[in-house]
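With the working numbering applied, the sequence shown corresponds to residues 42 to 125, in that order. Cβ coordinates follow ideal geometry from the N, Cα and C atoms, glycine included. What you are looking at is a predicted structure, and each value in this text was computed from that prediction instead of being measured.
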Amino acid sequence: MFSQSEREYTVANSVAKSDGRVLLLEEVNFKWLLAGLGLWIDMTRFHNDIPYATHFLELAKASNSPTLRDCAASLQCHNEMTCQ
42 MFSQSEREYT VANSVAKSDG RVLLLEEVNF KWLLAGLGLW IDMTRFHNDI PYATHFLELA
102 KASNSPTLRD CAASLQCHNE MTCQ
């Protein structure tokens, strides 16, 4: 039988994995939504180059696509850790 701390660790670990999967799906959506507009993005550079990431997030937030705007806002929220 699991102790209280083991259960808490298991739940926390499960949530972290779920959050990672959700973020990955958001990033894939972001990449392909931009590709649909003819914009190709290097996701490795997106993760490591703040001005590069900011440029694409700003382009996406100014898009006519509500889906792309929402996706950009979600990624920006995750990157800034200011999600509500």
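Where residue i falls: helix, strand or coil (DSSP)
i: ALA103; result: coil
i: ILE82; result: coil
i: ASP111; result: helix
i: ASP90; result: coil
i: VAL56; result: In this prediction, VAL56 has a pLDDT of 48, which is less than 50 and means its spatial position is unreliable; what the coordinates show is noted afterwards. Note: VAL56 maps to helix in three-state DSSP.
Where residue i falls, given that 16 or more other Cβ within 10 Å makes a residue buried
i: ALA113; result: buried
i: ILE82; result: buried
i: ALA183; result: Residue coverage of the chain in this structure runs from 42 to 125, which leaves residue 183 outside it and unanswerable.
i: LEU109; result: buried
i: SER74; result: The amino acid occupying residue 74 in the given sequence is Leu; Ser does not appear at that position. Looking at its Cβ environment, which holds 16 or more other Cβ atoms inside 10 Å, LEU74 is buried.
i: LEU116; result: buried
Proximity of residue i and residue j at Cβ, strictly below 8 angstroms
i: MET84; j: GLU99; result: no
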